[in-house]
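Colleague:
Structural data, given as structure tokens:
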């Protein structure tokens, strides 16, 4: 179900955080009953509860099942076709059927003749027939399957199990997710909690023999000053790091949860040398004396001489991420902001047969046009699962660091309205050139100004072009002026949104945006404009678990069932139905 080109996505089991089994001899589809506590306590709809209780087997009608990977078949992924295409005596079977005990347990994501908030809205069936090549041949009731395929002996899934299309995450950062697991600062309650975690990490690594110097930095990610109880300041400073004797003098760089701001130590500031007073598309935070405090926003991060990741490190990060991706049942991922060294590593891994899911790369270059430097490819690697035919442009920052480009100043910080990371002229030139070259253009836009500018550019650039073929996307599509919100669908754009951002940001978004919040995170309004929406996680910024994404989309509450507007959800008119959310994680990622 690739949004980039429509490959048929694999099926998978979505058990909650279970590791991939390494029992290669297992030949049956297995489901597990493990359910994560944090999701049980959430106020989930009947559909999601069933999904959790059954540890769902995910299948996709008419799609390639060659990788019923990991926990779905109880074996380490090998790239082989579905392994239970044999009967109990080991005799090869031409076809087999998978059925649920009830008549409507398989959700095909086709439109039903009944469309109501009180119904599933999705066509359902009881059985599906799979050919020996791993392709779903047909669906229907058990009686119809027996009539059309009399030689087939159906396999029944456990009671209450349901089947849904293989889920796709439309916006991920695969390398960064694996990297972030080493020194994870997510959930820290304040400066001292962050410092404590960093100190513990450093002491552990030094005990293992690691030495930190100007070529080996301490890197962490995940802090969020907006969620520190009692915190009234803007950003922390290098002095907070220097106050700890274990950390003093070491090169330390700590990324904010959204990766749009970094907090560095005094040693890193020294390595930066003389800093400019201003940065196009970024900011160096300074104190009242005009001296750098150790926080760099957006393009200002490019001034930091951070050591590049080695190939070995990137491989390690990738493997760490894939363990979670497989355990969560994702069948394909769209990798955002893939720079050239990462592309080379992904190609190496693909050639070795190391891609267990389909991966669609968005090529990215921090500065400059890359269409002449990067080659597009499809179905690359041993198992033909790696694709690159889109580019990622980044226009602005994030609201968490007051960097998203707004038409008017932030309500809680009138000194700034954010900033564009790229000039309008350059953005217009590059988008026209990419579209002329046949590239899919995926553009990061969060603020209402960046979204407005992008819509103006696309209105001109798409004139006379086949938008259904080019399939341009707005990544995040977060804040709009009311009239611009309607234009997204009118222009035929795909809105690639991350529902968990809404439930994470809702604790401060009202104060930061004021009345503008009413047309922010407006997923239902985007659909009503005629836009197709794609749902993603933005891992590691948010949880990689597709159930978390689904839950946020349909409830707009946090894990405890609450929101600033109560248990009914934050701006509940923007909730997606379960049908809309499921389509946004599956069929909406196919071409029209």
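In the UniProt record's numbering, the protein residues as written are 1 to 592. For each residue, glycine too, the CB sits at the ideal point set by N, CA and C.
With a CB to CB cut of under 6 Å and the five nearest residues on each side skipped, what residues in its chain are close to residue 138?
Modeller: Along the chain shown, read from residue 1 onward, the residue named residue 138 stands at position 138. Result list for residue 138: 129, in chain order.
Colleague: Using C-beta distances below 7 Å, list every residue in its chain close to residue 317, excluding the 5 sequence neighbours before and after it, in chain order.
Modeller: Along the chain shown, one-based indexing puts residue 317 at 317. Cβ neighbours of residue 317 beyond the five flanking positions: 175, 178 and 179.
Colleague: Is the number of C-beta pairs between the segment 522 to 531 and the segment 488 to 501 that are closer than 8 Å three or more?
Modeller: In short, these stretches touch, since the Cβ pair count reaches three.
Colleague: Threshold first: 3 residues or longer. Then list the beta strand (DSSP E) segments lying entirely within the segment 122 to 153, N to C.
Modeller: Entirely contained in the segment 122 to 153, the beta strand (DSSP E) runs reaching 3 residues are, in chain order, 122 to 125, 127 to 131 and 136 to 140.
Colleague: Pop quiz: residue 593 and residue 554 are said to be a contact at Cβ under 8 Å. What is the actual Cβ separation, rounded to whole angstroms?
Modeller: For the chain, the structure presents residues 1 to 592; residue 593 sits outside this window and is missing.
Colleague: Indicate whether the contact test is met: 3 or more Cβ pairs, each with one atom in the segment 428 to 441 and one in the segment 291 to 298, closer than 8 Å.
Modeller: The answer is no - the segment 291 to 298 does not touch the segment 428 to 441, with fewer than three Cβ pairs under 8 Å.
Colleague: Just the Cα atoms here: how many angstroms apart are residue 99 and residue 164?
Modeller: The count along the chain shown starts at 1 and reaches residue 99 at position 99. The count along the chain shown starts at 1 and reaches residue 164 at position 164. So the alpha carbons of these two residues sit roughly 13 Å apart.
Colleague: Do you know how far the Cα of residue 133 is from the Cα of residue 641?
Modeller: Nothing in the structure corresponds to residue 641, since the chain is present only between 1 and 592.
Colleague: Buried or exposed: residue 519, going by 16 or more other Cβ atoms within 10 Å of its Cβ?
Modeller: Along the chain shown, one-based indexing puts residue 519 at 519. Buried: at least 16 other Cβ atoms inside 10 Å.
Colleague: Using 8 Å as the threshold, is the C-beta distance between residue 404 and residue 447 below it?
Modeller: The residue labelled residue 404 in the question sits at position 404 within the chain shown. The residue labelled residue 447 in the question sits at position 447 within the chain shown. Yes.
Colleague: Spell out the partners DSSP gives residue 445 in its beta bridges.
Modeller: Counted from its first residue, the chain shown places residue 445 at position 445. Looking at the DSSP assignment, residue 445 forms a beta bridge with 476.
Colleague: How would you call residue 542, buried or exposed, if buried means at least 16 neighbouring beta carbons within 10 angstroms?
Modeller: Counted from its first residue, the chain shown places residue 542 at position 542. Its Cβ being crowded by 16 or more others within 10 Å, residue 542 is buried.
Colleague: How long is the line joining the alpha carbons of residue 127 and residue 560, rounded to whole angstroms?
Modeller: Position 127 of the chain shown, counted from the first residue, corresponds to residue 127. Position 560 of the chain shown, counted from the first residue, corresponds to residue 560. Distance between the alpha carbons of residue 127 and residue 560 is about 36 Å.
Colleague: Can you name the residues that DSSP bridges to residue 99?
Modeller: As a working note, residue 99 is residue 99 in the chain shown. Residue 99 is bridged to 127 and 156.
Colleague: Residue 312: buried (16+ other C-beta within 10 angstroms of its C-beta) or exposed?
Modeller: For the purposes of this step, residue 312 is taken as residue 312 along the chain shown, with counting starting at 1. Looking at its Cβ environment, which holds fewer than 16 other Cβ atoms inside 10 Å, residue 312 is exposed.
Colleague: Which class does residue 453 belong to by DSSP, given the choice of helix, strand or coil?
Modeller: By 1-based counting over the chain shown, the position of residue 453 is 453. Residue state, collapsed to three classes: helix.
Colleague: Taking residue 377 as part of the beta strand (DSSP E), name the residues at either end of that continuous run.
Modeller: In the chain shown, counting from the first residue as 1, residue 377 sits at position 377. Unbroken beta strand (DSSP E) run through residue 377: 377 to 380.
Colleague: Decide if residue 203 is buried, meaning its Cβ has at least 16 other Cβ atoms within 10 Å, or exposed.
Modeller: Position 203 of the chain shown, counted from the first residue, corresponds to residue 203. Exposed.
Colleague: For residue 217, which of 269, 329 and 331 has the nearest alpha-carbon?
Modeller: One-based indexing of the chain shown puts residue 217 at position 217. Closest option to residue 217, Cα to Cα, is 269.
Colleague: Identify which residue in 346, 152, 423 and 410 has its Cα closest to the Cα of residue 380.
Modeller: Residue 380 sits at position 380 when you count from the first residue of the chain shown. Minimum Cα distance to residue 380 is reached at 346.
Colleague: Give me the DSSP bridge partner(s) of residue 219.
Modeller: What you label residue 219 is simply residue 219 of the chain shown in a count that begins at 1. DSSP output for residue 219 lists 253 as bridge partner(s).
Colleague: Which residue's Cα is closest to the Cα of residue 140: 247, 171 and 103?
Modeller: In the chain shown, the residue the question calls residue 140 occupies position 140. When only C-alpha atoms are compared, the closest one is 103.
Colleague: Whole angstroms is fine: what's the gap from residue 441's alpha carbon to residue 146's?
Modeller: Here residue 441 refers to the residue found at position 441 of the chain shown. Here residue 146 refers to the residue found at position 146 of the chain shown. Looking at the two C-alpha atoms, the distance is approximately 47 Å.
Colleague: Please report the residue range of the alpha helix (DSSP H) in which residue 296 lies.
Modeller: On the chain shown, position 296 is the one that residue 296 refers to. Counting along the chain, residue 296 falls outside any alpha helix (DSSP H), though it belongs to the beta strand (DSSP E) covering 292 to 298.
Colleague: What's the C-alpha gap between residue 467 and residue 391?
Modeller: Residue 467 sits at position 467 when you count from the first residue of the chain shown. Residue 391 sits at position 391 when you count from the first residue of the chain shown. If you take the alpha carbons of residue 467 and residue 391, they lie about 16 Å apart.
Colleague: In chain order, what are the residue ranges of uninterrupted beta strand (DSSP E) at least 3 long that sit wholly in the segment 279 to 339?
Modeller: The segment 279 to 339 contains these whole beta strand (DSSP E) runs: 282 to 286, 292 to 298 and 332 to 338.
Colleague: Could you spell out where the alpha helix (DSSP H) holding residue 263 opens and where it closes?
Modeller: By one-based count along the chain shown, residue 263 stands at place 263. Not the alpha helix (DSSP H): residue 263 falls in the beta strand (DSSP E), residues 261 to 264.
Colleague: Residue 593 to residue 284, Cα distance in whole Å?
Modeller: Examination of residue 593 is not possible in this model, given that the chain is present from 1 through 592 alone.
Colleague: Please return the same chain residues whose Cβ sits closer than 8 Å to the Cβ of residue 343, not counting the five positions on each side in sequence.
Modeller: The residue given as residue 343 occupies position 343 in the chain shown. 361, 363, 374 and 388.
Colleague: Does residue 413 pass the burial test, meaning 16 or more other C-beta atoms within 10 Å, or should it be called exposed?
Modeller: On the chain shown, residue 413 is found 413 positions in, with the first residue counted as 1. Its Cβ having fewer than 16 others within 10 Å, residue 413 is exposed.
Colleague: Taking the alpha helix (DSSP H) that residue 416 falls in, what are its first and last residues?
Modeller: If you number the chain shown from 1, residue 416 lands on position 416. First-last for residue 416: undefined, no H or E at that position.
Colleague: If you draw a straight line from the C-alpha of residue 338 to the C-alpha of residue 533, how long is it?
Modeller: Position 338 of the chain shown, counted from the start, is the residue given in the question as residue 338. Position 533 of the chain shown, counted from the start, is the residue given in the question as residue 533. So the two alpha carbons sit approximately 22 Å from each other.
Colleague: Report buried or exposed for residue 169, applying the criterion of at least 16 other Cβ atoms within 10 angstroms of its Cβ.
Modeller: The residue given as residue 169 occupies position 169 in the chain shown. Residue 169 comes out buried.
Colleague: Determine the direct distance from the alpha carbon of residue 474 to that of residue 275, and round the result to whole angstroms.
Modeller: Within the chain shown, numbered from 1, the residue matching residue 275 stands at position 275. Within the chain shown, numbered from 1, the residue matching residue 474 stands at position 474. Whole-angstrom Cα-Cα distance: 33 Å.
Colleague: Hey, which unbroken runs of the beta strand (DSSP E) at 3 residues or more fall wholly within the segment 517 to 554?
Modeller: You should have 532 to 535.
Colleague: Assign residue 585 to one of three DSSP states: helix, strand, or coil.
Modeller: Position 585 of the chain shown, counted from the first residue, corresponds to residue 585. Coil at residue 585, not helix or strand.
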